[in-house]
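FYI, the numbering used here numbers position 99 of the sequence shown as 82, with every residue one higher than the one before it.
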Amino acid sequence: MSLPMLPRRACLALAAVAALGAPLAAHAQLQEVTYLLPAPATLVAFGPWMVAQAKGYYEQEGLKVNFVSGRGGVDVAKQIGAGNAVVGGAIGDTPIIARAQGIPVKAVAVLGQGSLMALVSHKDERIESPRELKGRTVTTISYTDTTYYALLGMLSKVGLTKNDVNIQAAGPAGVWQQFAAKKAAAMAAVPDWTVAAMEAGAQVDILPADIYFKSMAQAILAADDTIQKNPQLIQKLVRATLKGMKDIMADPKAATAVYVKHVPVHQGKEDTVLKTFELYNKYVYAAQKVPGTMDETRLGELQKFYVGNGVVPREVPLKDLYTNQFVAAK
-16 MSLPMLPRRA
-6 CLALAAVAAL
4 GAPLAAHAQL
14 QEVTYLLPAP
24 ATLVAFGPWM
34 VAQAKGYYEQ
44 EGLKVNFVSG
54 RGGVDVAKQI
64 GAGNAVVGGA
74 IGDTPIIARA
84 QGIPVKAVAV
94 LGQGSLMALV
104 SHKDERIESP
114 RELKGRTVTT
124 ISYTDTTYYA
134 LLGMLSKVGL
144 TKNDVNIQAA
154 GPAGVWQQFA
164 AKKAAAMAAV
174 PDWTVAAMEA
184 GAQVDILPAD
194 IYFKSMAQAI
204 LAADDTIQKN
214 PQLIQKLVRA
224 TLKGMKDIMA
234 DPKAATAVYV
244 KHVPVHQGKE
254 DTVLKTFELY
264 NKYVYAAQKV
274 PGTMDETRLG
284 ELQKFYVGNG
294 VVPREVPLKD
304 LYTNQFVAAK
């Protein structure tokens, strides 16, 4: 039995309703995911994630990502391991510390070949090597942060220990404010703090940690259970986030405009954001042959340092600390 023909006007009306309903239906089908960050999402350090969100890369993967702030990378690892979040952010070497505490997480992508930390000093201090820090004051965020361990690693390569330097744990603001006020000769800094100090008037020299100690960039962490049971979800999150990083690398100025519109707290601070992105491009993101790849040799050297300095009690198999399956896949 044939159905009666609808008038043309009715057909157009139904088509309009369908067109309006399609995006709503698509939005309703997005899978919600909690992504735990180690610090407030408004920090420029999380530019790749925010750019990916702003440009719809997560939505294109069928995801609605909700970013929640944790209390540092190890806390993020604990929450992921406990199942309170599917995925999170930390540093590439965080799984070394997490595994030592029985937390079953791996790094599933590392955002850059460089180290997040650099030794930043005042130009007039003429510090060309960590060796010249002996007897001087250096600020760091805390005595448990990975940037602090990277500083210790740099010192160890020139025969110094924490006892040879006056290291001050100054918090996320004090780390650069005390340095900018010339209360410290140098600081163990990430690009965000470096730009903040420069804009406060500091004339700086930047000594990348990589030259002496191969610490790591930011990483995406996931629990073993999620990697095993829902690898498709991890693949989507990794793919979308790396697109955000690639956009910053390809055109930091255009990425800045996208970022500032999406994170309005930075409106009017476009120059600051651009300078920060440029430092990330130069010192952190660059030089990965395959974006997101973990360097196993580098990870192994870091683990030996952590064990040797009593940060963790023993080494674990490196394959327990990371997987490159999500960055190698197309």
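C-beta atoms are modelled at their ideal positions from N, C-alpha and C, and glycine is treated no differently.
Just to check my reading of the structure: residue i and residue j have Cβ atoms closer than 8 Å, yes? What is that Cβ distance to the nearest angstrom?
i: ILE79; j: VAL295; result: 6 Å
i: LYS38; j: GLU15; result: Not quite, the Cβ-Cβ distance comes to about 19 Å (not below 8 Å), so this is no contact.
i: GLY30; j: ILE217; result: That pair is no contact at about 21 Å.
i: THR129; j: ILE74; result: 4 Å
i: LEU19; j: GLY71; result: 4 Å
By how many angstroms is the C-alpha of residue j removed from the C-alpha of residue i?
i: VAL93; j: ASP58; result: 18 Å
i: LYS226; j: VAL310; result: 11 Å
i: ALA68; j: GLN308; result: 21 Å
i: LYS117; j: ASP147; result: 5 Å
i: GLY251; j: ALA65; result: 40 Å
i: ALA179; j: LYS106; result: 16 Å
i: ALA8; j: VAL34; result: Summary for ALA8: the model assigns pLDDT 43, below 50, so the residue's position carries little reliability; its value from the coordinates is reported in the next sentence. Their backbone Cα atoms lie some 24 Å apart in a straight line.
i: ARG109; j: THR25; result: 34 Å
i: ILE203; j: VAL221; result: 8 Å
i: ASP76; j: LEU282; result: 7 Å
i: THR239; j: ILE194; result: 29 Å
i: LEU285; j: GLY53; result: 24 Å
i: ARG82; j: SER125; result: 21 Å
i: VAL299; j: GLN215; result: 27 Å
i: LEU143; j: ARG114; result: 7 Å
i: LYS219; j: TYR41; result: 7 Å
Counting only beta-carbon separations shorter than 9 Å, does residue i have a partner in chain C?
i: VAL173; result: Here chain C cannot be found, since the structure has a single protein chain.
I'd like the span of the beta strand (DSSP E) that includes residue i, first residue to last.
i: GLU15; result: 14 to 20
i: VAL273; result: Neither: VAL273 is in no beta strand (DSSP E) and is coded neither H nor E.
Would you mind reading off the limits of the alpha helix (DSSP H) that contains residue i?
i: LYS61; result: 56 to 64
i: GLY30; result: 30 to 37
i: ALA83; result: 77 to 83
i: VAL178; result: 174 to 182
i: LEU257; result: 253 to 263
i: ALA311; result: 308 to 311
i: GLU42; result: 40 to 43
Would you say residue i touches the ligand GTP, meaning its beta carbon is less than 8 Å from a heavy atom?
i: ASP208; result: Among the components modelled here there is no ligand, and therefore nothing to report on the ligand GTP.
- request: May I have a chain-ordered list of the beta strand (DSSP E) segments no shorter than 3 residues that lie completely inside the stretch 90 to 165?
  value: For the beta strand (DSSP E) assignment, the uninterrupted runs of no fewer than 3 residues enclosed by the stretch 90 to 165 are, from N- to C-terminal side, 101 to 105, 120 to 123 and 149 to 152.
query: Looking at C-beta atoms only, is the number of pairs between the stretch 111 to 126 and the stretch 156 to 169 that lie closer than 8 Å three or more?
result: The stretch 111 to 126 is in contact with the stretch 156 to 169.
message: Which complete alpha helix (DSSP H) runs does the stretch 192 to 242 hold, if anything under 4 residues is left out?
response: As far as the stretch 192 to 242 is concerned, its whole alpha helix (DSSP H) runs of at least 4 residues are 207 to 212 and 214 to 233.
query: Are there three or more Cβ pairs, one per stretch, closer than 8 Å when the stretch 99 to 112 is compared with the stretch 130 to 143?
result: Yes: at least three Cβ pairs fall under 8 Å.
task: Specify whether the stretch 268 to 280 and the stretch 169 to 178 touch according to this definition: at least 3 beta carbon pairs, one from each stretch, less than 8 Å apart.
output: The stretch 169 to 178 and the stretch 268 to 280 do not touch, with fewer than three beta-carbon pairs separated by less than 8 Å.
query: For the stretch 276 to 289 against the stretch 175 to 192, are there 3 or more C-beta pairs whose distance is under 8 Å?
result: Taking 8 Å as the limit for Cβ pairs, the verdict is that the stretch 175 to 192 does not touch the stretch 276 to 289.
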